[in-house]
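Everything in the sequence shown is counted per full-length UniProt numbering, starting at 1 for the first residue and increasing by one.
Here the structure is laid out as structure tokens; the discussion comes afterwards.
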Amino acid sequence: MPRKVNRGVDIDEDYDSYEDYDYEDDYDYSVESPAKAEEPHQKTKKLWSCSICTYDNDESMSACDICGVVRNPVAGDFKNSNKKTAAFKFDAPSPDDTVSIGLQSSKLLTKGNVKPSTVAEDCNGAESAHSTTQRSEKSSKSNGKRGKLDANNSTETAVNGKLDSKYSDRPPAETFHGSDGGLGGHNSSKKGVLSGQRSDEASGSSTPLKIKEKHKNADDDFIGQKRTAPTSNFGKISLSDQPGNSNALDSRKAKSIAEYHPDKWMLPDKANDTLTQLNLAIVGHVDSGKSTLSGRLLHLLGRITKKEMHKYEKEAKIQGKSSFAYAWALDESPEERERGITMNVAVAYFDSKMYHVVILDSPGHKDFVPNMISGATQADAAILVIDASNGAFEAGFDGSKGQTREHVLLIRSFGVEQLIVAVNKMDAVGYSKDRFDLIVTQLGAFFRSCGFKESCIFWIPLSAIENQNLVAAPSDARLLSWYRGPYLLDAIDSLQPPARDFAKPLLMPICDVTKSSSQGQVSVCGKLVAGALRSGLKVVVMPSGEVGTIKSLERDSQSSTVARAGDNVTLNLQGLDLSNNVVPGGVVCHPDYPVAVAKHFELKVRALEELALPILNGSQVEFHIHHAQEAGKVAKIVSILDPKSGKETKRSPRCLLSKQSAVLEVVLNKPVCVEVYSNCRALGRASLRAMGRTIAIGIVTRIIQ
Ligand code: GTP
Ligand code: MG
């Protein structure tokens with residue numbers, strides 16, 4: 001049974017922990033200081049105002065000091081400007097370009113022969129549905145063993161279960177008009193059902209389930225609702241986290257969470273104690289060995305049979321990719337295998353002494369960060385895989401090209417506090433202690449700057465290929481000569497059990513949806529972030545507000561009667577409109593406590609280190625929150641915050657620079673299911689991306705509309 005452990009981390013601590021980082025060194029006070037414009041010498045100087053960010057530049061500047069946009073030649077002395085203004089470079093995007101490119105950034109991600117499946121497809125629902133179904137079909141053909149749900153994009157209409165008179169005394173989820181669902185036509189299918197089982201169950205065979213590319217969208221007509229909760233513990237953060245203009249929503253809310261009393265069956269039964277589930281994201285730069293490590297672990301722990309392993313080895317050899325044999329246990333699609341990269345998150349299971357571990361093997365390639373986000377939002381803890389080979393660690397840690405920093409910042413922003421750093425491929429550096437120490441030193445400083453506590457980080461030197469230090473102490477004398485710490489499985493068992501919200505109303509962000517027109521049911525999968533559910537229960541699916549009934553459910557691909565917070569489940573729902581109202585990025589809720597749906601909200605963010613361009617009012621962004629992603633723009637930069645005190649240092653700044661903290665208002669093209677962070681952390685953590693990079697991470701502090 002999961003123990004509730006108060007690890008004492010709240011938002012105060014989260015932000016306090018950023019204190020180690022010396023923001024001030026990088027802080028350009030000349031930009032921020034409002035007094036600057038008042039200085040006498042400034043008054044006599046001629047200034048020109050940037051047409052993009054409105055910064056007042058000195059006459060001598062040919063391009064904006066802040067955002068780099070070239071000065072409009074007609075604005076000044078033509079002769080002069082001809083001399084001084086640099087020729088416009090078509091290969092260097094202006095902020096205007098960025099704004100428009102931002103709109104399509106996901107389409108520009110293609111690099112080499114890698115197809116940016118998630119985002120590009122997300123921009124085109126029809127294509128997405130098509131390609132997803134195709135992949136599903138391929139996948140099912142390639143492995144007959146796998147359970148398969150009908151991937152048809154059904155138009156058959158089931159009973160429309162919108163909130164009816166049964167709930168007429170309850171919040172108006174019936175006010176949601178799911179006309180087209182907005183999420184139009186995107187219908188991902190379940191690629192495979194895990195055959196991984198708990199240790200007390202038969203068969204050791206394990207085939208990973210891929211978390212499909214998810215989809216965004218929601219219906220413009222949806223009217224937001226607020227899910228209420230006890231007041232926040234925001235502490236030092238000066239901003240109110242209460243939805244400012246959402247009184248109307250408040251008046252329509254159903255019940256306050258304080259009124260919620262869970263039934264007895266919803267709480268874990270101590271007598272029926274089972275292993276605590278631990279969702280473990282495997283993240284890190286491309287080719288660091290995440291899938292190989294995952295496959296090797298599964299094999300060593302008996303989740304992949306000898307016969308299966310033999311098959312992978314044989315097939316990999318035929319394709320000239322022998323070194324990927326273990327990775328093939330996770331990278332199951334022909335596309336992934338051919339390219340030698342993971343594209344979708346693979347899910348697999350094993351049991352350790354302490355935990356029922358759910359592995360979420362993420363893609364490391366930068367084009368698939370949105371998929372990585374989808375898996376990482378479910379994580380309780382993470383294994384960061386580092387390639388120790390010479391030059392490889394450096395490439396992954398490189399701020400502009402590597403994915404190590406971005407992955408670490410993302411998992412931290414999703415609330416992951418415990419990290420195992422698997423320093424892999426130690427065989428390639430002769431198990432050198434010096435190399436390991438160098439990696440620990442460089443990464444350690446970075447982790448501190450991200451807010452990780454040293455006591456929550458485990459450093460494990462290992463080799464997945466040579467099976468050193470995975471499930472037993474190393475046997476290689478070179479590693480044994482200096483390393484006496486825990487092996488990987490030991491480190492996993494040393495992690496603190498995750499706290500779970502069993503006693504709160506049901507919330508399950510939807511990761512994937514499969515519709516079966518023949519059975520008139522919709523299958524949705526995801527991780528329960530709060531509450532519990534069982535067959536026969538009525539649930540409301542947001543944002544459409546439709547009510548359905550849980551016909552059956554699977555927990556870790558095994559049929560089950562009950563699931564509770566922390567469990568990964570697949571629900572087979574009946575009574576829902578099958579057309580398009582149930583979508584990845586939606587949330588399954590208790591009918592009395594539907595999640596809010598909004599497109600305009602306030603965020604408290606921290607801009608990341610490697611901003612190619614400052615964030616401006618109007619900057620186009622891709623907004624990611626739990627499994628939802630939606631295009632939108634920064635409507636307003638409300639204020640810059642002091643990173644240490646959280647206090648406002650400047651109101652209405654022109655732009656947001658690298659490493660600055662700020663309050664922003666974001667307006668999305670379509671609404672998403674969202675909660676204020678203090679009400680529900682899992683639904684209140686967000687990240688902003690542009691041009692294929694994460695540019696800021698933060699939390700939702702206010703729902704505006
Ligand atoms: P993506 O999912 O695409 O980001 O890659 P990945 O991190 O999952 O890497 P993958 O497991 O596909 O391995 C990439 C390459 O690294 C393969 O050729 C592996 O054989 C190799 N590799 C993995 N682990 C080790 C190791 O411990 N030592 C050595 N020498 N090579 C390894
Ligand atoms: Mg991989």
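For every residue, glycine included, the Cβ atom is placed at its ideal position computed from N, Cα and C.
Contacts around residue 480, its chain only, beta-carbon distance under 7 Å, and the 5 residues preceding and following it disregarded: For the purposes of this step, residue 480 is taken as the residue at position 480 of the sequence shown. Excluding residues within five positions, the ones whose Cβ falls inside 7 Å are 474.
Inter-stretch contact (C-beta, 8 Å, three-pair minimum) for the segment 537 to 555 and the segment 578 to 598: With a cut-off of 8 Å on Cβ pairs, the segment 537 to 555 is in contact with the segment 578 to 598, counting three or more such pairs.
Nearest by alpha-carbon distance to residue 634: which of 626, 407, 628, 602 is it? Here residue 634 refers to the residue found at position 634 when the sequence shown is read from its first residue. In terms of Cα proximity to residue 634, the closest of 626, 407, 628, 602 is 602.
Quick one: is residue 434 buried, meaning 16 or more other Cβ sit within 10 Å of its Cβ, or exposed? Mapped onto the sequence shown, residue 434 falls at position 434. Classification for residue 434: exposed.
Check whether the Cβ of residue 374 lies closer than 8 Å to any heavy atom of ligand 2, and answer yes or no. Position 374 of the sequence shown holds residue 374. Residue 374 Cβ: outside cutoff for every heavy atom of ligand 2.
What is the residue span of the alpha helix (DSSP H) that residue 314 lies within? Stepping through the sequence shown from its first residue, residue 314 is reached at position 314. Per DSSP, residue 314 belongs to the alpha helix (DSSP H) from 306 to 318.
Going by C-alpha to C-alpha distance, which of 508, 609, 317, 452 sits closest to residue 566? The residue you call residue 566 lines up with position 566 of the sequence shown. Looking only at 508, 609, 317, 452, the smallest Cα-Cα distance to residue 566 is reached by 508.
Three or more beta-carbon pairs under 8 Å between the segment 686 to 703 and the segment 402 to 419, yes or no? Under the three-pair Cβ rule at 8 Å, the segment 686 to 703 counts as touching the segment 402 to 419.
How many angstroms separate the CA atom of residue 598 from the CA atom of residue 685? Start at 1 with the first residue of the sequence shown, and residue 598 comes out as number 598. Start at 1 with the first residue of the sequence shown, and residue 685 comes out as number 685. When rounded, the distance between both Cα atoms is 14 Å.
Measure the beta-carbon distance from residue 476 to residue 424 and round it to whole angstroms, keeping in mind my assumption that it falls under 8 Å. Indexing the sequence shown from 1 puts residue 476 at position 476. Indexing the sequence shown from 1 puts residue 424 at position 424. No, residue 476 and residue 424 are not in contact; Cβ-Cβ is about 14 Å, not under 8 Å.
Residue 265 (DSSP reduced to helix, strand or coil): Position 265 of the sequence shown holds residue 265. In the three-state DSSP reduction, residue 265 falls in the helix class (H, G or I).
Measuring alpha carbon to alpha carbon, tell me which residue in 564, 510, 551, 621 is nearest residue 595. For the purposes of this step, residue 595 is identified with residue 595 of the sequence shown, where counting begins at 1. Comparing Cα positions, the closest option is 510.
Could you have a look at residue 421 and say whether DSSP puts it in helix, strand or coil? In the sequence shown, residue 421 corresponds to position 421, counting from 1. It is a strand residue.
With DSSP collapsed to three states, give me the class of residue 370. As a working note, residue 370 is residue 370 in the sequence shown. Helix.
Determine the DSSP secondary structure at residue 750, reduced to helix, strand or coil. Outside the displayed span of the chain (1 to 705) sits residue 750, for which this structure offers no information.
How far does the alpha helix (DSSP H) with residue 491 in it extend, from its first residue to its last? Walking along the sequence shown from the start, residue 491 turns up at place 491. Per DSSP, residue 491 belongs to the alpha helix (DSSP H) from 488 to 493.
Pick helix, strand or coil for residue 375, following the three-state DSSP scheme. Counted from its first residue, the sequence shown places residue 375 at position 375. Looking at residue 375 - three-state DSSP - the assignment turns out to be helix.
Using only the alpha-carbon positions, how far apart do residue 224 and residue 256 sit? Here the question's residue 224 lines up with position 224 in the sequence shown. Here the question's residue 256 lines up with position 256 in the sequence shown. Confidence at residue 224 is low in this model, with a pLDDT of 32, below 50, so the placement of that residue should be treated as unreliable; the coordinate-derived value is given next. Their Cα atoms are separated by approximately 16 Å.
Assuming residue 385 contacts residue 322 under a Cβ cut-off of 8 Å, what Cβ separation, rounded to an integer in Å, is found between them? Taking the first residue of the sequence shown as position 1, residue 385 is located at position 385. Taking the first residue of the sequence shown as position 1, residue 322 is located at position 322. No, residue 385 and residue 322 are not in contact; Cβ-Cβ is about 20 Å, not under 8 Å.
Report all residues from its chain with a CB closer than 7 Å to the CB of residue 660; omit the five preceding and five following residues, and keep chain order. On the sequence shown, residue 660 is found 660 positions in, with the first residue counted as 1. Result list for residue 660: 607, 640, in chain order.
Run the CB neighbour count on residue 342, radius 10 Å, all protein chains shown included, and call it buried at 16 or more, exposed below. Position 342 of the sequence shown holds residue 342. Label assigned to residue 342: buried.
Host alpha helix (DSSP H) of residue 438 (start-end): Residue 438 sits at position 438 when you count from the first residue of the sequence shown. Element bounds for residue 438: 433 to 450.
Can you give the Cα-Cα distance for residue 557 and residue 570, rounded to whole angstroms? Residue 557 sits at position 557 when you count from the first residue of the sequence shown. Residue 570 sits at position 570 when you count from the first residue of the sequence shown. Residue 557 and residue 570: Cα-Cα distance of roughly 7 Å.
Excluding five sequence neighbours on each side, which residues of the same chain lie with their C-beta closer than 7 Å to the C-beta of residue 442? Counting from 1 along the sequence shown, the entry for residue 442 is found at position 442. Same-chain partners within the cutoff: 397.
Ignore the nearest five residues each way along the sequence and tell me which others in residue 96's own chain have a CB closer than 6 Å to its CB. In the sequence shown, counting from the first residue as 1, residue 96 sits at position 96. Unreliable positioning characterises residue 96 in this predicted model, as indicated by a pLDDT of 28, which lies under 50. A coordinate reading is not provided.
Going by the CB atoms, is the gap between residue 361 and residue 345 shorter than 9 Å? As a position in the sequence shown, residue 345 is number 345, starting the count at 1. As a position in the sequence shown, residue 361 is number 361, starting the count at 1. For residue 345 and residue 361, yes; Cβs fall inside 9 Å.
Answer yes or no: the CB of residue 324 versus the heavy atoms of ligand 1, is any distance below 8 Å? Within the sequence shown, the letter at position 324 stands for residue 324. Annotation for residue 324 indicates a beta carbon within 8 Å of some heavy atom of ligand 1.
When the Cα atoms are used, what is the spatial distance from residue 552 to residue 560? On the sequence shown, position 552 is the one that residue 552 refers to. On the sequence shown, position 560 is the one that residue 560 refers to. When rounded, the distance between both Cα atoms is 8 Å.
Run through the DSSP bridge pairs and tell me what residue 542 is partnered with. Residue 542 sits at position 542 when you count from the first residue of the sequence shown. In DSSP, residue 542 forms a bridge with 587.
With a threshold of 8 Å, establish whether the CB of residue 549 neighbours any heavy atom of ligand 2. Looking up residue 549 in the sequence shown gives position 549. No, since every heavy atom of ligand 2 falls outside the 8 Å radius drawn around the Cβ of residue 549.
For residue 379 and residue 281, believed in contact at Cβ under 8 Å, the rounded distance: For this step, residue 281 is matched to residue 281 along the sequence shown. For this step, residue 379 is matched to residue 379 along the sequence shown. Contact between residue 281 and residue 379 holds, with the beta-carbon distance rounding to 4 Å and staying under 8 Å.
Say the cut is 8 Å; is the CB of residue 396 nearer than that to a heavy atom of ligand 2? For this step, residue 396 is matched to residue 396 along the sequence shown. The beta carbon of residue 396 sits no closer than 8 Å to any heavy atom of ligand 2.
Tell me, to the nearest whole angstrom, how far the beta carbon of residue 486 is from that of residue 278; I am working on the premise that it is less than 8 Å. For the purposes of this step, residue 486 is identified with residue 486 of the sequence shown, where counting begins at 1. For the purposes of this step, residue 278 is identified with residue 278 of the sequence shown, where counting begins at 1. Approximately 16 Å separates the beta-carbon atoms of residue 486 and residue 278; this is outside 8 Å, ruling out the contact.
Using the Cα positions of residue 674 and residue 515, report the straight-line distance between them to the nearest angstrom. Residue mapping note: residue 674 aligns to position 674 of the sequence shown, counting from 1. Residue mapping note: residue 515 aligns to position 515 of the sequence shown, counting from 1. C-alpha of residue 674 to C-alpha of residue 515: approximately 24 Å in a straight line.
Can residue 326 and residue 299 be called in contact, C-beta distance under 9 Å? Residue numbering aside, residue 326 sits at position 326 when the sequence shown is read from its first letter. Residue numbering aside, residue 299 sits at position 299 when the sequence shown is read from its first letter. A contact, by the Cβ cut-off of 9 Å.
Run the CB neighbour count on residue 263, radius 10 Å, all protein chains shown included, and call it buried at 16 or more, exposed below. Position 263 of the sequence shown holds residue 263. Residue burial is scored here from C-beta neighbours: residue 263 has fewer than 16 other C-beta atoms within 10 angstroms and is therefore classed as exposed.
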